[in-house]
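So the sequence shown is numbered by UniProt numbering: it starts at 1 and just counts up by one.
Here the structure comes first, spelled out in C-alpha cells, and everything after it is commentary.
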Amino acid sequence: MTQSSPGGAVRLGAYPDFMTVWRGQTISVFGSQMAAFAISIWIYRETGSVLQFGAVIAAQLVPSILFAPLTGLLVDRYHRKYVMLATEVGLTVAALALWALLRAGWLTPTNMLLFSPVIALFGSIHQIAYASSIGLLVPRAAYARANGYVQMGINGSAAIVPLISVHALEELGLGMVILLNAATYVMAAVSLAFARFMPKPEVAAKPRKPFSLAGLLEQLSFGLRYIRAQRGLMVLVLFLCAVSVLNGVVLVLFRPMILGSASDAVLGWLATIAGFGGLAGAIAASTFSARADRVRTLLCASMISGTSMALCGLCTNFPTLAVLAFLFSFSAPFILVSGQTLMQMITPTEIQGRVFSTRAFFSGLALIAAVSIAPVLAEYGFAPWMASGHVLAPFAHWLDAGASAPMRAVFTLTGAGMVVLALAAVRSAPFRALRAQMSEAHLVAARA
C-alpha cells in the first residue's frame, strides 16, 4: 500500500530513503549547475564565438550518445546505488583534475573541449541510474510525485545558481567554483551511502551463455527492440526527441543571444527568473501530475514552451523576456515529469536501464544535432540574409538586436515548429491510444 495524505496525494516523507537520495542529488545538481554556468561564461569571454561555445556543448553530448546502450546494460546489470556512487566518485576526481589544470595554467577552451567528454560520460551514467532508481525507492503510485521532486531539485538550483555563479566567478574565481562543485559531489556520495534501495524485481533465471560479440550486440539493442514493439512508447520517445531539439537550441543560443546585446548581469537575472519559473513549475507538476492526464499535460506544456520560445526570439525588451523565460521554464517540468512518468509506467523496472538509455541515445542525437546545426544556421545562414540589402534585413532592423538577430531568427522558427508538432500530436491516433493505455495503467497503480 502507498502512503497517502487525507486528500489522496502520495506523501514522499513516508519513503525516507528516497528523500535522503533526493537531498544529496539536489546538492550535487546545485554544484554542477554552478560550475557549468561559470564555465560557460568563461568560455564565451575567452573566445567570443558561439561556434566554439557550441563545440564544447557538443563535446559534452557525444559520449552520452555513443555509450548510451552500454550505460543501460551497466545500470540493469549492477546495483543502481553502487553505480550512482561510482559516478559521484568519478565526477569528484574529474572536478579536482579540472581544478589542477586551471591552477597550472593549462586550462584553455580547447583543453575544455577535450576534457568535457569525460565529465559528461560520468554524468550520463549517473543520470540513467538515477532515473531507473525511482522504481526502487517509491511505489508506482508515487512515480509522478517523485519525478516532480527531482525536477524541484533541478529547477530550485537553477533559480539561484545564475546570480551566485556570476558573483562567485567575479569574487572567488573559476577555481573556487570548481572546488565547490567537487565538494557537492562528495556530499551526494555520502547521502547515497546511507540510503537503502529496494531489490530489483526477480526475473526468471536464464542459462548463462558464453561471451560473444553477437550476444553483446543483442543485449545492447534490447532497448531499441523493446521500444519498437511498443507503439505508444515509440511515439512518446519520438516526441521527446523533438523536445530535445527545442532544448538544444535554447542550450546553445540563449546565453550568447542575450550576451550579444546585454551584460552578464542581465543574463544572470534572466536565468534566475527562468530558474524560479522552473521551480514553480516543478512544484506544480509534483502537486498535480499524480492526478493529471499525463499525455495531455505533456502536449499542452510543449505548446506553451514552443510559444514562449518563439516570442522570445521576437523580443528584446527585458521585462517581456523575463516573462517569457519564466513561462518557458515553468512548462519544462511538466514536460519532463509527464514524459518520465509515462516511460516508467510503461516499462518494467528490471529493464528500465536499457530502455531509458535507448531513449537517452536518440534524445541525445536530437540534442547534439540542434547544438551543432543551430550556431551554423545562425552565423552562416541567417546572418548573411540579414545583412544590409538582403531579404531579411528589414526583420533584423525591426528587431534592433544587433549581432544577436540571426540567433533570434533560429529561436523563433524552432519554437513555432514545436507548437505545430504539439498541435498535430493532439489529433494523432498514436497519442490517443497512449492516453487510453495510461488511463488503464493509472487505475492499476491506484490499486497497488
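Every residue gets a Cβ at the ideal spot worked out from N, C-alpha and C, and that includes glycine.
Excluding five sequence positions before and after R45, none of the CB atoms of its chain fall closer than 6 Å to its own CB. Boundaries cannot be given for G173, as no alpha helix (DSSP H) includes it and DSSP labels it neither H nor E.
By the neighbour-count definition (other C-beta atoms within 10 Å, threshold 16), P319 is an exposed residue. By the neighbour-count criterion, in which 16 or more other beta carbons inside 10 Å mark a residue as buried, A131 falls on the buried side. In terms of Cβ geometry, T92 and A182 form a close pair [threshold 8 Å].
By the criterion of a C-beta distance shorter than 7 Å, Q437 is surrounded in its chain by G232, once the five residues flanking it on both sides are discounted. In the same chain as A158, and ignoring 5 residues on each side of it, the C-beta atoms closer than 8 Å to its own belong to Q33, A271, A274, G275, G278, L279, S329, in chain order. Relative to I346, the option among G223, H126, L66, L324 whose CA is nearest is G223.
Its chain contains S357, A360, F361 as the residues whose beta carbon lies nearer than 6 Å to that of A68, once the 5 sequence neighbours on both sides are disregarded; these appear in chain order.
Of the candidates Y143, I304, A370, the residue whose Cα lies closest to the Cα of V249 is A370. The beta carbons of I178 and A95 sit about 6 Å from each other, so the pair counts as a contact at 8 Å. In the structure shown, V245 falls within a helical segment according to DSSP collapsed to helix, strand and coil. For S428, the CB contacts under 8 Å within the same chain, skipping 5 residues up- and downstream, are V235 in chain order. Spanning the alpha carbons of A416 and P406 requires a straight line of approximately 16 Å. Judged by beta-carbon spacing, D293 lies beyond the 8 Å limit of R196, meaning their Cβ atoms are not closer than that value.
In the DSSP annotation of this structure, H79 is not part of any alpha helix (DSSP H), being labelled neither H nor E. Measuring C-alpha to C-alpha distances from K81 to each of A36, V150, T20, I65 identifies T20 as the nearest. When the beta-carbon positions are compared, A38 and L253 stay at least 8 Å from each other. For the pair F326 and T184, the CB atoms are not nearer than the 8 Å cut-off. When secondary structure is reduced to three states using DSSP, G156 falls in the helix class. Judged by beta-carbon spacing, V56 lies within the 8 Å limit of L113, meaning their Cβ atoms are closer than that value.
Burial state of N317 is exposed, judged by a 10 Å Cβ sphere holding fewer than 16 other Cβ atoms. Bounds of the alpha helix (DSSP H) holding W22 are 16 to 47. Pairing G281 with M418 gives a Cβ-Cβ distance that is not under 8 Å. When the beta-carbon positions are compared, S28 and G148 stay at least 8 Å from each other.
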